[in-house]
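A.B. asks: Structure below; questions to follow.
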């Protein structure tokens with residue numbers, strides 16, 4: 317589904333990504349973790365072309381992201397993305413947030429888009445808030461709406477860029493529950509997150525990054541029980557003991 | 041001081057004989073309104089366009105917009121007015137220039153004033169719009185693009201609706217400024233409010249009454265503008281956001 321081959325990116329002399337290679341198969345759930353500044357967010361943003369990269373190749377469902385001839389908008393419409401800061405559109409009601417891209421990008425009818433939006437809103441447990449505006453919801457609620465908004469486009473895969481990092485601790489689980497459910501239904505997911513509990517529960521593979529390189533790319537069990545690199549061992553020792 | 045106050049001067053028949061001095065003031069009042077409103081509409085449209093262009097990734101477009109802003113905001117308004125009114129007709133191809141110079145002088149004054157005020161103000165509007173766009177969280181643009189919107193659609197549906205809401209207060213100031221700046225156009229003979237006030241002094245020797253009336257008229261216009269803009273600001277406020285409920 318997603319193939320990342322030898323991707324490198326630099327700003328001037330500063331290397332953000334160095335020779336990153338991995339793949340995500342259909343139905344697979346991948347967790348990307350690592351210290352801050354390791355390039356996790358940049359890597360995931362390269363997948364749908366929000367960040368350009370200088371060398372290497374990323375293929376999403378047969379389409380090359382780096383190819384200048386690729387219609388990126390068309391590709392992005394099929395790849396769902398959830399951001400750290402939710403990024404709902406504050407001037408639109410929740411239902412409008414859910415419907416706008418369906419009507420403007422997928423050219424669905426207003427009623428169809430509304431129905432679909434409300435169904436997904438119900439699924440994330442927020443049907444009662446349909447008429448509200450983003451600023452009137454809590455962070456956790458906003459993030460659940462953002463997930464519903466991405467799902468409304470019937471994506472072939474979902475990218476999560478630290479979806480719980482900006483949330484109050486109390487609200488982390490309501491978002492992780494939605495993500496877990498999604499994973500169990502067989503959605504292809506690439507998640508940048510520090511939530512190791514989530515990774516242990518649903519991930520198939522864990523990618524560990526440091527200084528722009530993919531240091532580990534292991535099956536979940538191997539990663540947690542027996543990480544090969546010293547850097548990953550240190551990282552896990554620091555975040556797992558509490 | 042032995043000044044002879046005479047508020048009745050406004051009701052006296054004017055020197056031209058077919059009107060009162062109050063009629064002169066009203067004509068100036070109407071001219072100020074017509075000039076400022078038409079110039080404002082143009083300034084808003086042009087300024088929005090140029091402000092957006094300053095933020096786009098295309099370097100040529102952004103560079104053009106930057107040049108535009110720097111040109112119109114770094115030359116004094118009065119100089120710009122003289123260029124539009126005195127210099128530009130000479131630079132036009134002779135046939136067009138001559139036709140223009142033979143048209144109704146009032147029309148010439150009005151057009152030069154309107155274009156001058158519109159372009160001068162559009163550069164300032166463009167800067168407000170640009171700052172509004174740049175003050176949005178960067179993630180908003182990414183969120184629009186990630187949903188499959190093209191860049192123009194992202195501006196149209198995601199960024200501009202919020203950016204314009206953010207800049208309504210500074211745009212209100214520009215709206216007020218354009219009425220005040222329009223007084224400069226009296227220098228090329230356009231008979232707007234300030235010019236009528238001065239003409240009234242020439243004919244009646246009642247400067248205090250005249251300029252008090254002019255002052256109050258400008259204040260009245262701007263109180264109305266401020267009230268309407270505050271109403272507008274409240275109407276477009278976003279619930280749960282700055283200024284909203």
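Residue numbers (my numbering), protein chains in the order written: chain W, 317 to 558; chain S, 41 to 285. Ideal placement from N, C-alpha and C gives every residue a C-beta, glycine not left out.
#1: Starting from the beta carbon of residue 328 (chain W), find every residue of chain S whose beta carbon is closer than 9 Å, and list them in chain order.
#2: Using the C-alpha atoms, what's the distance from residue 392 (chain W) back to residue 180 (chain S)?
#3: Can you tell me the Cβ-Cβ gap for residue 350 (chain W) and residue 524 (chain W), rounded? I've got them flagged as a contact below 8 Å.
#4: When you compare only the Cα positions, how much space is there between residue 434 (chain W) and residue 455 (chain W)?
#5: Note down the Cα distance separating residue 153 (chain S) from residue 94 (chain S), rounded to an integer number of angstroms.
#6: Is there a Cβ of chain W sitting closer than 8 Å to that of residue 281 (chain S), yes or no?
#7: Quick one: is residue 390 (chain W) buried, meaning 16 or more other Cβ sit within 10 Å of its Cβ, or exposed?
#8: Taking Cβ positions, are residue 172 (chain S) and residue 219 (chain S) nearer each other than 8 Å?
#9: Can you give the Cα-Cα distance for residue 238 (chain S) and residue 47 (chain S), rounded to whole angstroms?
#10: What's the gap between the Cα of residue 444 (chain W) and the Cα of residue 175 (chain S)?
#11: State the DSSP-derived secondary structure class of residue 59 (chain S), mapped to helix, strand or coil.
#12: Closer than 9 Å by beta-carbon distance: list the chain W residues that pair up with residue 202 (chain S), in chain order.
#13: Rounded to whole angstroms, what is the Cα-Cα separation between residue 415 (chain W) and residue 427 (chain W)?
#14: For residue 183 (chain S), would you say it is in contact with chain W, using Cβ-to-Cβ distances shorter than 8 Å as the test?
#15: For residue 399 (chain W), which option in W:547, W:491 and W:538 has the closest C-alpha, if you only look at C-alpha atoms?
#16: Give the straight-line distance between the Cα atoms of residue 532 (chain W) and residue 545 (chain W), rounded to the nearest whole angstrom.
#17: Determine the direct distance from the alpha carbon of residue 123 (chain S) to that of residue 139 (chain S), and round the result to whole angstroms.
#18: Indicate whether at least one CB of chain S lies closer than 8 Å to the CB of residue 499 (chain W).
#19: List the residues that DSSP assigns as beta-bridge partners of residue 397 (chain W).
#20: Any C-beta of chain S sitting closer than 8 Å to the C-beta of residue 421 (chain W)?
#21: Chain W partners of residue 190 (chain S), CB-CB under 7 Å?
#22: Rounded to the nearest angstrom, what separates residue 331 (chain W) and residue 324 (chain W) at their Cα positions?
#23: To the nearest angstrom, report how far apart residue 109 (chain S) and residue 167 (chain S) are at their CA atoms.
#24: Do residue 464 (chain W) and residue 436 (chain W) come within 8 Å of each other at the CB atom, strictly closer than that value?
#25: Please state whether DSSP places residue 322 (chain W) in a helix, a strand or coil.
#26: Measuring alpha carbon to alpha carbon, tell me which of S:89, S:208, S:65 and S:244 ends up nearest residue 231 (chain S).
#27: Which residues in chain W sit within 8 Å of residue 170 (chain S), going by Cβ to Cβ distance?
#28: Using the beta-carbon count (16 or more within 10 Å), is residue 147 (chain S) buried or exposed?
#29: Can you check whether the C-beta of residue 104 (chain S) is within less than 8 Å of a C-beta belonging to chain W?
#30: Nearest-angstrom Cα distance between residue 500 (chain W) and residue 512 (chain W)?
#31: Counting C-beta neighbours from all protein chains within 10 Å, is the total for residue 364 (chain W) 16 or more, i.e. buried, or is it exposed?
#32: Indicate whether the contact test is met: 3 or more Cβ pairs, each with one atom in the segment 105 to 121 of chain S and one in the segment 149 to 163 of chain S, closer than 8 Å.
#33: Just the chain S side, please: which residues come within less than 9 Å of residue 449 (chain W) by C-beta, in chain order?
#34: Mind listing the chain S neighbours of residue 489 (chain W)? Cutoff is C-beta to C-beta under 9 Å, in chain order.
#35: Run through the segment 49 to 103 of chain S for me and flag every whole alpha helix (DSSP H) of 4 or more residues, listed as ranges in chain order.
#36: Residues in the segment 438 to 465 of chain W with C-beta within 9 Å of chain S's C-beta atoms, listed in sequence order?
C.D. replies: Quick look at the numbers:
#1: By Cβ distance, chain S contributes nothing, its closest Cβ being about 18 Å from residue 328 (chain W), past 9 Å.
#2: 15 Å
#3: 5 Å
#4: 19 Å
#5: 26 Å
#6: yes
#7: exposed
#8: no
#9: 16 Å
#10: 32 Å
#11: coil
#12: 405, 406 and 407
#13: 9 Å
#14: yes
#15: W:491
#16: 7 Å
#17: 18 Å
#18: no
#19: W:475
#20: yes
#21: 389
#22: 8 Å
#23: 8 Å
#24: yes
#25: strand
#26: S:65
#27: Simply none; closest approach about 19 Å.
#28: exposed
#29: no
#30: 17 Å
#31: buried
#32: yes
#33: 278, 279, 280, 281 and 284
#34: In chain order: nothing, as chain S lies at least about 23 Å away.
#35: 61 to 93
#36: 448, 449, 450, 451, 452, 453, 462 and 465
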